[in-house]
Amino acid sequence: MKVGIVSYGACVPRYRITPEEIGKVWGADGKAVGKGLMINCKSIPAPDEDTITISVEAARNMMKRCDVSPKDIGALYVGSESHPYAVKPTGTIVAEAIEAAPHLTVADFEFACKAGTAAIQTCMGLVGSGMVKYGVAIGADTSQGAPGDALEYSASAGGAAFLIGSEKIIATLDRTYSYTTDTPDFWRREGQIYPRHGGRFTGEPAYFKHVLNGGRGLMERTGTTAKDYTYAVFHQPNGKFPTRVAKQLGFSDTQIKAGLLAPLIGNTYSGAVPLGLAAILDEAKPGDRIFAVAYGSGAGSDAFAMTVTDEIDSYARDRAPTVKEIISNVKFLDYATYAKFRGMIVLGRE
Amino acid sequence: MATAPRFWRENPSRYNLVGIKCNSCGRHFFPPRSICPVCHRKSVGKIERVKLKGEGKIFSWTEVQEGPEELSSNRPYIYAMVEMEDGLRFTGQVIDCEPADLQIGTPVRAVLRKLSEEGPSGVIHYGYKFVLRKEKSP
Amino acid sequence: MRRVAIIGIGNTEFGELWDHSFREIGITAGLAAVEDANISAEMIDALYVGNMSAGRFIEQEHIGALIADYSGLARDHVPATRVEAAGASGGLALRQGFMAVASGLHDIVVVGGAEKMTDVSDLDSANIQSSAADQEWETVLGATFPALHALIAHRHMHVYGTTREQLADVAVKNHRHGALNPKAQFRREITRETVLGSPMVSSPLRVFDCAPSSDGAAAVVLCALENAKKYTDTPVEIIGSGQASDTLSLHDRKDICTMEATRVAAKRAFDMAKVAQKDVQVAEVHDSFTISEILAIEDLGFFKKGEGGKATEAGLTGLSGQIAVNTSGGLKARGDPIGATGLAQAVEIVAQLRGKADKRQVKDAQVGLTHNVGGTGATVVVHVLRRV
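Protein chains in written order, with the working numbering: chain A, 1 to 350; chain B, 1001 to 1138; chain C, 2001 to 2388.
Structure follows, in structure tokens:
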């Protein structure tokens, strides 16, 4: 049975802050930091946004574009490292909000920045095995970098949702491969507000090792090379890493352009590859092949090979906004307002 | 102030704008009520739950500068009365826009956002707010 | 039905009464009214108390019994009833007293209204006031009491061209009147600039468009008109009493620029009184916000719909205008201790009809009106009073 993406939807908060504005507060040359990271600005959730509201908006956009009955959804998984509750699922609210409840299974996933793609893999298995007709996989985050930390320049918010099924597929999920080791490059302990990371240790032994091995492993298993793909998207903690890793795997700038959003919105963590994939699907044509590798600290990578089908021509993409349209409604904030929005100001409440 | 069950029981309407249709006169109402105020007794047993489309136009609006403590991070915020196509009205916040973008008659659609939370350790309440809606040319 | 007269009035100063508790202010107003009526405690058949939210302002419920007790009437087991309809609690208590005497069930009834609002923080006070709106479908979604009235104001400006300056003129006039009322909370005049330069609360409404939080109490003594002259030379008859409800939520109203309940309550009161708007010289209307007074004078029928702003600007609602509105200063300047407001309105109209309103006396006042609103207009009580 062919399994693939039946529909998708995205959500990115409207607010932005520039590296320059952040650097000003901490006595750093933010402009240069941003240039080095290839980040022009990052998205910030409004005070009334969190991973749940982003997941709901993305899932609703996904449902608008197809005529699938929400009652046919048998599984829903939300991958995030910023679930609003430590205990109490994000997914139940999403399931109710798209009217998929109560006859389905729901769970929240966490694997740093690749929890969303882990959800896609789970849905592939459930649909492929015939256990469910449709599965929903969401990757969304409202990530936090500690004030003054290097992560603060990139940690942002956004997410995308995918309806996985076996009928009216707009892109088949041809193959997936994961590469996993135990590598403590980035973590957040229970009860802690901000994550910690290993600085430069997050680079070669973590991001690059796993993305390269994941990507190469998938190419070996599918007998493909970079040239066989129209588009490629990689986890993007900044603009620099995915650009470099793409070159190492043999991809050109043209192939990664559509899915490279970090320069415009920063690192949306679990939302990063899902949003990049959504942006690619916004413009993809029948026959296009897509290569995607997500990375999650801790550490592992999920690689996917996809093929866009003829179905995309009759797919109702215009019933919901494209990623480009979503990220065109922008308001820049100063650091003080950003700090207020992110709850970084201690309030004198009782 | 709100408690989990008190909020939870309204979730269908807060998440998905579930209202009612009176099958005696055909009128819609939001939020749900058990009797049609037009048909009175004739409506008993004829009230059907229906989901509203969530699209409408600004009927009136205000920018709230002095508001409740739980919305202190959102201030100033826009609170509006929205009129749906069938004349039904309800109120809520309008977000992701500036006062200059708004006029009486501006099209909006409902989205789900956080309404409030019962302190840092309490339940979070979600419900509808409005964003601007681009009207597609036919 | 018996005809009913007000034979005694009493009220406390309105404002921030830091030294006085809820029960003290309630009793002070009641005693003043009883003294004014020349009656003694044993003669009181029943008590009615208008109060909106003592349960949340001072965490005290069972207000009827409390007031009966501290009035010294508990030993006589005088029946005492608390009446609640948000901002219309006082007016509604007056109507209950009126019905009790009119029906013949009671001969002498004391009706009081009291609220103690300053024992909680300003934020809590605002939250409590917003509980007059629909908690589940307005407040939870971000409504404040000013925000709901701002929606009305914005719409009224949009539909009828009412101006920001005309709204300000309501506050300027009510402060001018309040300056003449020794018991008013604000006894100083202001200008348009004061209003327009005050901080925004909920656009277009600013701080000086809003009635304040206040402590205070007011009371009246009622008896059958046929017995009134036994106690006073200047009884004032309640010739009409009307009450009407509307939807709790503002959004369910047919037209948010009209308080339908005001129109209906007024019609009922005028029909009972067998007088018309033109016969009224003085009115106390419910100006929680400046826009509220504009709606009130239109919906009560004193001015055409949409003309309230212009009428105010033209001075037609001043002391020597076409009809003197809110000679006490209104909620804006006299103060608005919620449960007391409806009674304070009656106290002012009685003073006017007795010719005892001193510097703010309306010449030859024969007929007066009180208009008391709960929430954004879900309860309205209108009374028409005439000097005997």
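Yeah, the Cβ is synthetic: ideal placement off N, Cα and C, and Gly gets one too.
Between which two residues does the beta strand (DSSP E) carrying residue i extend?
i	result
PRO321 of chain A	That residue, PRO321 of chain A, is in no beta strand (DSSP E); it is neither H nor E in DSSP.
LEU2031 of chain C	It is not in any beta strand (DSSP E) - LEU2031 of chain C instead sits in the alpha helix (DSSP H) that spans 2022-2036.
ALA353 of chain A	Residue 353 of chain A cannot be examined here, being either before or after the span of chain A that is shown, 1 to 350.
HIS2154 of chain C	Per DSSP, HIS2154 of chain C belongs to no beta strand (DSSP E); it is in the alpha helix (DSSP H), 2145-2160.
ASP174 of chain A	171-183
TYR77 of chain A	73-79
TRP1061 of chain B	1055-1064
GLN1093 of chain B	1089-1094
ALA2244 of chain C	2236-2245
GLU20 of chain A	First-last for GLU20 of chain A: 19-26, but that is the alpha helix (DSSP H), not the beta strand (DSSP E).
ARG2387 of chain C	2379-2387
For residue i, count neighbouring Cβ atoms within 10 angstroms of its own Cβ and tell me buried if that reaches 16, exposed if not.
i	result
PRO1138 of chain B	At PRO1138 of chain B the pLDDT is 46, less than 50, meaning the model places this residue with poor confidence; the figure from the coordinates comes in the next sentence. Counting Cβ neighbours within 10 Å, PRO1138 of chain B comes out exposed, since fewer than 16 surround it.
ASN2038 of chain C	exposed
MET63 of chain A	buried
GLU1048 of chain B	exposed
GLU350 of chain A	Bear in mind that the predicted position of GLU350 of chain A carries a pLDDT of just 48, short of 50, making it unreliable; the figure below should be weighed with that in mind. It counts as exposed.
GLN192 of chain A	exposed
ILE345 of chain A	exposed
TRP1008 of chain B	exposed
GLN373 of chain A	Examination of residue 373 of chain A is not possible in this model, given that chain A is present from 1 through 350 alone.
SER7 of chain A	buried
MET1084 of chain B	buried
MET1 of chain A	exposed
ALA2005 of chain C	buried
HIS2175 of chain C	buried
SER2288 of chain C	buried
GLN2092 of chain C	The question names Gln, yet the displayed sequence has Leu at residue 2092 of chain C. Buried.
Can you list the residues of chain B that residue i reaches, using a CB-CB cut of under 8 angstroms?
i	result
HIS2158 of chain C	SER1060, ILE1104
ALA2147 of chain C	THR1062, VAL1064, GLY1067, TYR1079
ASN14 of chain A	Position check: residue 14 of chain A holds Arg in this sequence, whereas Asn was assumed. Within 8 angstroms Cβ-Cβ: ASP1096.
GLU2138 of chain C	THR1091
Counting only Cβ pairs nearer than 7 angstroms, list the residues of chain C close to residue i.
i	result
LEU1071 of chain B	GLY2142
Under DSSP, the alpha helix (DSSP H) around residue i begins and ends at which residues?
i	result
GLN2352 of chain C	2338-2354
GLY1119 of chain B	Note, GLY1119 of chain B: premise wrong, no alpha helix (DSSP H); not H, not E.
SER154 of chain A	SER154 of chain A -> no alpha helix (DSSP H), and no H or E assigned at all.
VAL2195 of chain C	2192-2196
THR243 of chain A	240-249
GLY2097 of chain C	2089-2102
ILE93 of chain A	91-97
LYS2267 of chain C	2260-2273
List, in chain order, every chain B residue whose beta-carbon is nearer than 7 angstroms to that of residue i.
i	result
HIS2251 of chain C	MET1081, ARG1089, PHE1090, THR1091
GLU425 of chain A	What is shown of chain A runs 1 to 350, which leaves residue 425 of chain A out entirely.
For residue i, go through chain B and note every residue whose CB falls closer than 9 angstroms to its CB, in chain order.
i	result
GLU2392 of chain C	Residue 2392 of chain C lies beyond the range of chain C shown here (2001 to 2388); nothing can be said about it.
ILE2007 of chain C	Near ILE2007 of chain C there are no residues of chain B at all, since even the closest Cβ is about 41 angstroms away, more than 9 angstroms.
ILE2256 of chain C	PHE1059, SER1060, MET1081, ARG1089
GLU2298 of chain C	The premise fails here: GLU2298 of chain C is roughly 17 angstroms from chain B at the closest Cβ pair, so nothing lies under 9 angstroms.
Chain A contacts made by the region 1076-1097 of chain B, where a contact means CB separation under 7 angstroms: ILE1095, ASP1096
Taking only beta carbons into account, state which residues of the region 256-279 of chain A come closer than 8 angstroms to chain B, listed in chain order. none
With 7 angstroms as the limit, tell me which residues of the region 2187-2209 of chain C have their beta carbon closer than that to any beta carbon of chain B; keep them in chain order. MET2200, VAL2201, SER2202, SER2203
Are the region 227-244 of chain A and the region 69-77 of chain A touching, with three or more C-beta to C-beta distances below 8 angstroms? no
Residues in the region 37-63 of chain A having any Cβ partner in chain B nearer than 9 angstroms: ALA46, PRO47, ASP48, GLU49, ASP50, ILE52, THR53, VAL56, GLU57, ARG60
If contact means a Cβ-Cβ distance below 7 angstroms, which residues of the region 2123-2136 of chain C contact chain B? LEU2123, ASN2127, GLU2136
With 7 angstroms as the limit, tell me which residues of the region 128-145 of chain A have their beta carbon closer than that to any beta carbon of chain B; keep them in chain order. none
Would you be able to state if there are at least three C-beta pairs under 8 angstroms between the region 2139-2158 of chain C and the region 2290-2303 of chain C? yes
Interface residues of the region 1110-1129 of chain B facing chain C [CB-CB below 9 angstroms]: LEU1115, SER1116, HIS1125, GLY1127, TYR1128, LYS1129
Under 8 angstroms: do the region 2260-2276 of chain C and the region 1088-1100 of chain B share three or more Cβ pairs, one atom per stretch? no
Counting only Cβ-Cβ distances shorter than 7 angstroms, please list the residues of the region 2149-2183 of chain C near chain B, keeping chain order. ALA2150, LEU2151, HIS2154, ARG2155, HIS2158
Is the number of C-beta pairs between the region 1118-1133 of chain B and the region 1012-1022 of chain B that are closer than 8 angstroms three or more? yes
If we count Cβ pairs, one from each stretch, closer than 8 angstroms, do we get three or more for the region 2335-2347 of chain C versus the region 2083-2098 of chain C? yes
Counting only Cβ-Cβ distances shorter than 7 angstroms, please list the residues of the region 1010-1031 of chain B near chain A, keeping chain order. ASN1011, TYR1015, ASN1016
Quick one: any contact between the region 2096-2104 of chain C and the region 2189-2205 of chain C, if contact means 3 or more CB pairs under 8 angstroms? no
Decide if the region 1110-1118 of chain B is in contact with the region 44-57 of chain A; the criterion is three or more beta carbon pairs, one per stretch, under 8 angstroms apart. yes
Tell me, please, whether the region 2227-2237 of chain C touches the region 2110-2129 of chain C by the rule of three or more beta-carbon pairs shorter than 8 angstroms. no
Counting beta carbon pairs with one atom in the region 2216-2224 of chain C and one in the region 2012-2029 of chain C, are three or more of them shorter than 8 angstroms? yes
Check whether the region 261-281 of chain A touches the region 134-149 of chain A, taking contact to mean three or more Cβ pairs, one atom from each stretch, closer than 8 angstroms. yes
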